[in-house]
Amino acid sequence: MTSNGVIDGAPEMAGAQFLRDGEELLRALDTRLQGMTEPRQIRSETVAMLTQARADEMQAIEAAFATHPRAARETVRAIANLTDQIVTAIHHVAVTMLHPLDAPSEGERLAVLAVGGYGRAEMAPASDVNLLFLTPWKITAWAESVVESMLYMMWDLKLKIGHSIRSVDDCLRLGEGDMTIRTSLVEHRLVTGHAPLAQELRQRLWDELFDRTVPEFIEAKLDERAARHVRQGGQRYVLEPNVKEGKGCLRDLQTLYWIAKYIHRVDRAVELVDLGVFTRDEHLAFWQAEDFLWAVRCHLHLISGRPVDVLSFDMQVEVARRMGYSDTTARRGVEYFMQDYFRHATRVGELTRVFLAALETQHVRTAPFLGRLFRRKRKMKPGFADQQGRLSYESETGFLADPLNLLRIFEEALRTGVLIHPDAMRLVAANLDVIDDRVQSDPEAIRIFMDMLLKHGSPERALRRMNELGVLAAFIPEFEPVVAMMQFNVYHHYTVDEHSIQCIAALAEIERGEHPENLPLSSQIIDAGVNRRVLYLATLLHDIGKGRPEDHSILGARIARRIATRFGFNQEDIDTVEWLVRNHLLMSDVAQKRDISDPRTLRDFAKAVKTRKRLDMLLVLTVCDIRGVGPGTWNNWKAALLRTLHQETAAALENGLEELNRDKRQNEAKRSLRHMLVAKGWEARQIRAEIARHYDAYWPGLPTQTHAVFAELLRGIGPDEIRIDLRADVDRDATRTAFVLSDHPGIFSRLAGALTLTGANVVDARTYTTRDGYATAVFWIQDAEGHPFAEDRLPKLRQTILRTLSGEIVAREAFASRDKPKKRNREFKFPTHITFDNEGSDIYTIVEVDTRDRPGLLYDLTRTLAANHIQIVSAVIATFGAQVVDSFYVKDMFGLKLHSPSKREALEKKLRTAIADGVKRAEAEQG
5 MTSNGVIDGA PEMAGAQFLR DGEELLRALD TRLQGMTEPR QIRSETVAML TQARADEMQA
65 IEAAFATHPR AARETVRAIA NLTDQIVTAI HHVAVTMLHP LDAPSEGERL AVLAVGGYGR
125 AEMAPASDVN LLFLTPWKIT AWAESVVESM LYMMWDLKLK IGHSIRSVDD CLRLGEGDMT
185 IRTSLVEHRL VTGHAPLAQE LRQRLWDELF DRTVPEFIEA KLDERAARHV RQGGQRYVLE
245 PNVKEGKGCL RDLQTLYWIA KYIHRVDRAV ELVDLGVFTR DEHLAFWQAE DFLWAVRCHL
305 HLISGRPVDV LSFDMQVEVA RRMGYSDTTA RRGVEYFMQD YFRHATRVGE LTRVFLAALE
365 TQHVRTAPFL GRLFRRKRKM KPGFADQQGR LSYESETGFL ADPLNLLRIF EEALRTGVLI
425 HPDAMRLVAA NLDVIDDRVQ SDPEAIRIFM DMLLKHGSPE RALRRMNELG VLAAFIPEFE
485 PVVAMMQFNV YHHYTVDEHS IQCIAALAEI ERGEHPENLP LSSQIIDAGV NRRVLYLATL
545 LHDIGKGRPE DHSILGARIA RRIATRFGFN QEDIDTVEWL VRNHLLMSDV AQKRDISDPR
605 TLRDFAKAVK TRKRLDMLLV LTVCDIRGVG PGTWNNWKAA LLRTLHQETA AALENGLEEL
665 NRDKRQNEAK RSLRHMLVAK GWEARQIRAE IARHYDAYWP GLPTQTHAVF AELLRGIGPD
725 EIRIDLRADV DRDATRTAFV LSDHPGIFSR LAGALTLTGA NVVDARTYTT RDGYATAVFW
785 IQDAEGHPFA EDRLPKLRQT ILRTLSGEIV AREAFASRDK PKKRNREFKF PTHITFDNEG
845 SDIYTIVEVD TRDRPGLLYD LTRTLAANHI QIVSAVIATF GAQVVDSFYV KDMFGLKLHS
905 PSKREALEKK LRTAIADGVK RAEAEQG
């Protein structure tokens, strides 16, 4: 212990430059309280003075933080220092004015220690103040009075206090049995009070507890870390990460600090450099990551005014703004911010691996069983070695002599099934500069990389580790811009690089035959044989053009051509890779945003695809792209649409585009219905009447089963009747809702409003009019989870629909309260785009509206179309998180396309007004 009472080895007092202010604070406090004897008045005056002093100092700290908003090391230490001053002042008042002792006994000693994050001298603006009141033995009445008075004053200051009162023996006993208490004791630091008592605790903790329990503590902390990662989603690239508890976040760095201090008694991470655990560069990464993550956490606390640690979408925008990130023509500032965030999180993961490797080398931690679990007992190739059950190199010099070894080690890990040793990963990460232009175009290097994709199974394992260590971006430099690139929307669950790797994983799963029932068509295509080199490379590179102002499909296609050429692909394969990347959204867009029963849609798609080989590969790429977006994105509805589009296009490519003939389709549909109705016992006269009842447009757009449902609903219907058929369409993962009622203007809008008010998401719709004046409308709807409605919900669904159609519920009014956007989704920007397409269909104009989704949107749009005498024949709704694309196949009141530019412009203006008014309505309801 030094002469000023500070314990040797404890971290330097945070903000030591302010220590003089603390002494001045005590003098000012003594002056203000001079002559007072009433305890309540003393406490009141103390709290008043400290409240003002704390508010002034916090304001100064926040102002200083604003000058360096991406680095918070000084800030968190200044807040801890301020807290020290407050606690010290309160202790001073308690022991000198409220409970003075002239001649304290040995038992009447009290040390006030900071523990937890406060013990590390790191505090965010809303962090708890965790205190340990330490006594020599059993607590005395005097000590109890001091603690009670201190707590009351701190509570009056509105500090959030976590506290315990323990003797030294209590600390040892409780620390032995409770790992949380033991961890907090690792970080204890004297704030004020009796320094020798704190020194005794420190000495006895190491001598009697810590030194003999190192392996136990390490395993416990790593188990806690693993469990915490599972709770937080198990991914480093969770799009709404917890900056304190998430993977690659502050708690991971703190875990390293706890373990390092427990083993080495270090107080600062820089000391690990001298011990050989980290290199200077690795410590710099530790320092930078910690500084950045603390800045993010401080901003979260300052924005919310409370201890918020989840970086939710709405918070991300404000934190990015505070940290000085701004929008560009290519990307939003929040996306640049989150890319930096995820890159820091990745580096934290690398540092953790380095540190754990050092522990294994020192035999204070056993190598995980997982490393042995994946091993297939294969002999390692020359130059590689088994190090504690992990793949490593025989000699560092030999390994670095050939730059291709930086690729070979990942292939060897896949081939043998052995995990790479952290020491080897560390060596790879430190020598990325050897992967230069020559290596990037070296035929052997390209062979190694392509073999990783094609030969050993589970290529995503190699790609993910290569990406984390920077090898993927070093070997394919064009990939570097999308590393850790966040897409600021609710639809994509992963960053661009992780999404690309997820797509590769989805492709490998299909190849391994893991989804024959869920993905029968993709499985058949793969089994029949495709060009795997082309398909795997196109899948990996399909989003490589993202983050630039240009359309990412077009730019990505040019980049993919360059890479395929560098990789030595032949000209046909280069062209196919380029075509797949350029058109990787085509099949998804046509299937989800167009009416694929329209022959013109199918003809145009077939002309774009040209060959069955391209169609097959595009189908598989599309499936992998959707499945790689995130959990729950793929469903039977999308599967059914893609299967139908593939089947119809394949037939057209094989038999000629003339197969896609409207008259032929009508005749086939009528013949199929005739057979079905005969099987149901209908008489020939009744069947002829039913078929004659419908216009030509009715036949190609619906499956025979739905035609049969309408035939039954129309049978004997009266002019004022409304008939409804609700049933699950399992193949499409939706509930099919069929209506028959007397036709009148705006019927589509009323039906859409009725369904949406039930909480249903409309995904597809068709409406037709019979020759005798009845509307036949069918909607496919899903519940909030994207599935058919449960059987027990159908009666209420029917009741709400009927009440809305009867006018008992006014849809426009009911939507006002439902259209309020969720708080976490408010910051997503979806500019409204409205297009009119007269070429995509032979007989209809396609009106496509791309905007932010809300429950009342479909009703507002269809109501506006109806009010302008636009007849809606079908609607296709594609939802992408908080964004929606509604495509309407329409005719004007004379049954013609919308040819007039002025009428289209006027209609677009009215649609935009309807969208804006709906948003205002929701905001007014919210206000």
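Under this note's numbering, the letters of the sequence shown match residues 5 to 931, in that order. Just so it is clear, CB atoms sit at the ideal spot from N, CA and C, and this is done for glycine as well.
Query                                                                                                                                                                                    : Result
For a minimum of 3 consecutive residues, which ranges assigned as the beta strand (DSSP E) are wholly contained in the segment 158–232?                                                  : 165–171, 193–197
Going by the DSSP bridge assignment, what does residue 891 pair with across the sheet?                                                                                                   : 852, 880
Please report the Cβ distance between residue 347 and residue 426, rounded to the nearest whole angstrom; I am assuming they are in contact, meaning their Cβ atoms lie under 8 Å.       : Contact doesn't hold; Cβ gap of about 19 Å is too wide.
Under 8 Å by Cβ, that's how I've got residue 310 and residue 130 pegged, so tell me the actual separation to the nearest angstrom.                                                       : 5 Å
On the premise that residue 113 lies in contact with residue 191, defined as a C-beta separation below 8 Å, what is that separation, rounded to the nearest angstrom?                    : Going by Cβ atoms, the distance from residue 191 to residue 113 rounds to 22 Å, so no, they are not a contact pair.
Kindly list the residues whose CB is nearer than 8 Å to the CB of residue 695, restricted to its own chain and excluding five residues on each side of it in sequence; keep chain order. : 674, 677, 678
With which residues is residue 840 paired in a DSSP beta bridge?                                                                                                                         : 851
With DSSP run on the structure shown, which of helix, strand or coil describes residue 767?                                                                                              : strand
Quick one: Cα of residue 375 to Cα of residue 338, how far?                                                                                                                              : Legend: pLDDT at residue 375 = 43, less than 50; position of this residue unreliable, no value from coordinates given.
What residue ranges within the segment 268–306 form continuous alpha helix (DSSP H) runs of no fewer than 4 residues, ordered along the chain?                                           : 275–278
In whole angstroms, what is the alpha-carbon distance linking residue 2 and residue 414?                                                                                                 : In the structure displayed, the chain extends from 5 to 931; residue 2 sits before or after that span and is not available.
Considering only DSSP beta bridges, list what residue 139 is partnered with.                                                                                                             : 171
Whose CA, out of 785, 780, 755, lies closest to the CA of residue 736?                                                                                                                   : 785
Which residues in the same chain have their Cβ closer than 7 Å to the Cβ of residue 43, if we skip the five residues on either side of it in sequence?                                   : 102
With respect to the beta strand (DSSP E) encompassing residue 116, which residues constitute its N-terminal and C-terminal limits?                                                       : 115–118
Considering residue 706, what are the terminal residues of the alpha helix (DSSP H) in which it resides?                                                                                 : Careful: residue 706 lies outside any alpha helix (DSSP H) and carries neither H nor E.
Based on the DSSP secondary-structure assignment, which residues constitute the bridge partners of residue 314?                                                                          : 246
Could you give the distance in angstroms between the alpha-carbon of residue 905 and the alpha-carbon of residue 880?                                                                    : 24 Å
Compare the C-alpha of residue 672 against each of 690, 653, 705 and name the closest.                                                                                                   : 705
Take the Cβ of residue 377 as the centre, count every other Cβ of all protein chains shown within 10 Å, and call the residue buried at 16 or more, exposed below.                        : Note on residue 377: pLDDT 44, under 50, position unreliable in the model; no value is reported.
Which value, in whole angstroms, describes the spacing of the CA atoms of residue 847 and residue 496?                                                                                   : 36 Å
By Cβ distance, which residues of its chain are closer than 6 Å to residue 97, with the 5 residues on each side in sequence left out?                                                    : 50
Would you report the Cα separation of residue 193 and residue 552, rounded to the nearest angstrom?                                                                                      : 50 Å
Run through DSSP, which three-state label would residue 778 get?                                                                                                                         : strand
Take residue 76 and list the residues in its own chain whose beta-carbon comes closer than 7 Å to its own, dropping the five residues that flank it on each side.                        : 69, 295, 298, 299, 302
Short check: CB of residue 618 to CB of residue 327, under 7 Å?                                                                                                                          : no
Can the beta-carbon of residue 473 be found closer than 7 Å to that of residue 449?                                                                                                      : no
Beta strand (DSSP E) containing residue 397: first to last residue?                                                                                                                      : 394–397
If you draw a straight line from the C-alpha of residue 609 to the C-alpha of residue 653, how long is it?                                                                               : 7 Å
Specify the secondary structure class of residue 332 as computed by DSSP and reduced to three states.                                                                                    : coil
Find out if the Cβ-Cβ distance for the pair residue 526, residue 624 is shorter than 7 Å.                                                                                                : yes
Within the continuous beta strand (DSSP E) that includes residue 391, where are the two ends?                                                                                            : 388–391
Which first and last residues belong to the beta strand (DSSP E) in which residue 637 is found?                                                                                          : That residue, residue 637, is in no beta strand (DSSP E); it is neither H nor E in DSSP.
Since residue 726 is in the beta strand (DSSP E), which residue starts that stretch and which ends it?                                                                                   : 726–733
Rounded to whole angstroms, what's the CA-CA distance from residue 509 to residue 318? Just pull it up for me.                                                                           : 31 Å
Rounded to whole angstroms, what's the CA-CA distance from residue 379 to residue 420? Just pull it up for me.                                                                           : Summary for residue 379: the model assigns pLDDT 45, below 50, so the residue's position carries little reliability; its value from the coordinates is reported in the next sentence. Approximately 6 Å between the Cα atoms of the pair.
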